[in-house]
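Reviewing the structure listed below.
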């Protein structure tokens, strides 16, 4: 399973990617589906094993995260469910 982090604006998305890459976390930038865009249209995908550490790293760096969603593939279709640590 993967997790999708969304951000209030592009600045935070870029800052989050830089923080996580510096901590050797594998992240992928992801264009958000229209149903999830309430601010920035860019999110970061992170695998399940690294989500807890990633959230801590971003909190330490004071990077604002708008929402976190768990991402499930259901017969080739992605489903997003709001997640909280």
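Residue numbers (my numbering): 227 to 311.
Built from N, CA and C at the ideal position, the CB exists for glycine as well.
To which residues does DSSP link residue i through a beta bridge?
{"i": "residue 287", "result": "None; residue 287 has no bridge partner."}
{"i": "residue 255", "result": "270"}
{"i": "residue 299", "result": "304"}
Nearest-angstrom Cα distance between residue i and residue j?
{"i": "residue 239", "j": "residue 311", "result": "19 angstroms"}
{"i": "residue 294", "j": "residue 306", "result": "9 angstroms"}
{"i": "residue 251", "j": "residue 280", "result": "7 angstroms"}
{"i": "residue 266", "j": "residue 308", "result": "17 angstroms"}
{"i": "residue 298", "j": "residue 245", "result": "25 angstroms"}
{"i": "residue 227", "j": "residue 234", "result": "24 angstroms"}
{"i": "residue 231", "j": "residue 237", "result": "14 angstroms"}
{"i": "residue 302", "j": "residue 290", "result": "31 angstroms"}
Please classify residue i: is it buried, with 16 or more other beta-carbons within 10 angstroms of its beta-carbon, or exposed?
{"i": "residue 278", "result": "exposed"}
Nearest to residue i by alpha carbon, out of the options?
{"i": "residue 271", "options": "265, 264 and 242", "result": "242"}
{"i": "residue 275", "options": "296, 235 and 245", "result": "296"}
{"i": "residue 273", "options": "254, 232 and 300", "result": "254"}
- Item | Inter-stretch contact at 8 angstroms, needing at least 3 Cβ pairs: the segment 281–289 / the segment 258–270 | No contact exists between the segment 281–289 and the segment 258–270.
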